[in-house]
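Engineer:
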Amino acid sequence: MKIPAGKADHFVKNLDPAIRAVLIYGPDGGLVRERAEFAAKSVVPDLTDPFLVADLTTETLKSDPGRILDEAATIALTGGRRVVRVRDADDGASAAITAFLDDPVGDALVVVSAGDLAAKSKLRKAFEGSKSAGAAIPCYSDDGQSLDALIRTTMRKAQIRISEDALGYLSAHLGADRALSRGELEKLVLYAGEGGELAIDDIIEATGDSSVYGIDTVIYAAADGDARTVDATLAKMWADGTNAVALLRSMSNHILRLQQVIAERDGGKPVDAAMKSLRPPIFWKMERRFKAQLGLWDKKLSATALDLLLKAEADCKKTGMPDQIICGRALQQTAAIARKRQRR
């Protein structure tokens, strides 16, 4: 069965015992790991228990497809249900896992985690086509609504008051990877202290040059037409493990925000009013730069950039070419589009 992205958290945290296997996949690696852990811990609270947890690889399942059936049917010496994990799975594991879904032996829960799988993926199709035994759970980067909820929940647990401006700033900068987002929020909780307060200046001081906020640097550089800064920033971001697909989506979102203001401006709305209508709001230190970019972009150029960014995201999922190369090329092409207007 196919679980909608909006219902994924609830589904994982309230896993039906009738579900024998889950596929947790998507471009947000941190969220994949988080949900896979939630699912596994619903059966085995201590995932370090060697009697209750078995780890398999795609290579193992390719060479020995029956291994998953053996592990799922194994009875633990200490009693209780077991968990069988298959991490970083791909279509090479599909035959073995499909055999299990067709005839789920034993009572173990099989937790399969994977990267971003195309709709035609055999592994994804096996889970989505399962009527009752299996479920496919997508993990996409947090959107504004889910990110706001994550931030508010984290701060509420620590009894920290956060200003609306600070919340908007965090919403605009986090979200590319759930694990990175949680790490940054934990850092802010330690900075503010239980019962403390957070304003924008506090967030900037506490986070320093974190790679999460480097996303803003490369996005604004591309929209400025600054190819040199794009290259320099990307080198650091790749070293920090930034997800290429998430970065492409952040770039697309920035172009969409420019496009929205351009459309409202061309319709007669004052630019400042159009900018203030954006949600999440533009960080005040970036307002002048965003406004300057409106002079570099128009409806046609922004549409061209969106087309190439969407194509780059699709290429990351299906061409087999390194994601970082595809993403870097798309961002350089975006910067080149901005420079076209500069030369006029």
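If you use this note's numbering, the sequence shown closes out at 942, no skipped numbers anywhere.
Ideal Cβ positions, reconstructed from N, Cα and C, are used throughout, including at glycine.
1. Measure the alpha-carbon distance for D896 versus M753 and round it to whole angstroms.
2. Enumerate in chain order the residues of its own chain whose CB-to-CB distance from P663 is below 8 angstroms, with the five nearest sequence positions on each side excluded.
3. Under a three-way DSSP split, which group does R618 fall into?
4. Which residue wins for smallest C-alpha separation from V682, given the options E657, A717, V641?
5. Inspect the beta-carbon positions of G678 and L650 and report whether they are closer than 8 angstroms.
6. For K623, which residues does DSSP report across the bridge?
7. Hey, out of R855, L846, K938, G732, whose CA is closest to D913's CA?
8. Is it right to say R886 is buried, meaning 16 or more other beta carbons lie within 10 angstroms of its own, or is it exposed?
9. Evaluate S744 with the Cβ neighbour count: other Cβ atoms within 10 Å of its Cβ, from every protein chain shown; 16 or more gives buried, anything less gives exposed.
10. Assign T751 to one of two classes, buried (16 or more other C-beta atoms within 10 Å of its C-beta) or exposed (fewer than that).
11. Measuring CB atoms only, is the region 848-859 touching the region 902-911, in the sense that at least three cross pairs come out at less than 8 angstroms?
12. Nearest by alpha-carbon distance to K639: which of I673, R680, A606, K605 is it?
13. So, do the region 604-622 and the region 719-739 have three or more beta carbon pairs nearer to each other than 8 angstroms?
14. I need the DSSP call for E795, collapsed to helix, strand or coil.
15. Quick test of your reading: V709 and A637, contact by CB under 8 angstroms. State the CB separation rounded to the nearest angstrom.
16. Is the region 795-802 touching the region 758-773 in the sense that three or more CB pairs, one from each, lie closer than 8 angstroms?
17. By Cβ distance, which residues of its chain are closer than 8 angstroms to I749, with the 5 residues on each side in sequence left out?
18. Let me make sure I understand the geometry here. Which of E726, G791, K915 has the alpha-carbon closest to that of I617?
19. Only counting the same chain, and skipping five residues up and downstream in sequence, which positions put a Cβ closer than 8 angstroms to that of L699?
20. If we ignore side chains and look at the alpha-carbon of each, how far apart do A756 and D814 end up?
21. Here's the rule I'm using: 16 or more other beta-carbon atoms within 10 Å means buried, otherwise exposed. How should S875 be labelled?
22. Tell me whether the beta-carbon of L856 lies closer than 8 angstroms to the beta-carbon of L892.
23. With L654 as the anchor, note down where its beta strand (DSSP E) starts and where it stops.
24. For S674, which residues in the same chain have their Cβ closer than 6 angstroms to its Cβ, ignoring the five residues on either side in sequence?
25. Rounding to the nearest angstrom, what Cα-Cα distance links G704 and T676 in this structure?
26. Determine the burial state of E792: buried for a count of at least 16 other Cβ atoms within 10 Å of its Cβ, exposed for fewer.
27. Could you name each continuous alpha helix (DSSP H) segment of 4 residues or more that falls completely within the region 811-844, going from the start of the chain to the end?
28. Look up L908 in the DSSP assignment and say whether it is helix, strand or coil.
29. Taking the alpha carbon of E911 as the reference point, which residue from L899, G918, C925 has its own alpha carbon closest?
30. If you draw a straight line from the alpha carbon of C737 to that of L707, how long is it in whole angstroms?
Structural biologist: If we stick to the structure as given:
1. 39 angstroms
2. A693, A694, A697
3. coil
4. V641
5. yes
6. Per the sequence shown, the amino acid found at residue 623 is Tyr instead of Lys. In the DSSP output, where bridge partners are listed per residue, Y623 has A712, P736.
7. L846
8. exposed
9. buried
10. exposed
11. yes
12. R680
13. yes
14. strand
15. 5 angstroms
16. yes
17. I760, L765, L768, S769, L772, L783
18. E726
19. R618, A619, A724, F725, S728, A731, G732
20. 27 angstroms
21. exposed
22. yes
23. 651-654
24. Looking at the sequence shown, residue 674 is not Ser but Ala. Same-chain partners within the cutoff: F649, L650, R680.
25. 16 angstroms
26. exposed
27. 825-837
28. helix
29. C925
30. 20 angstroms
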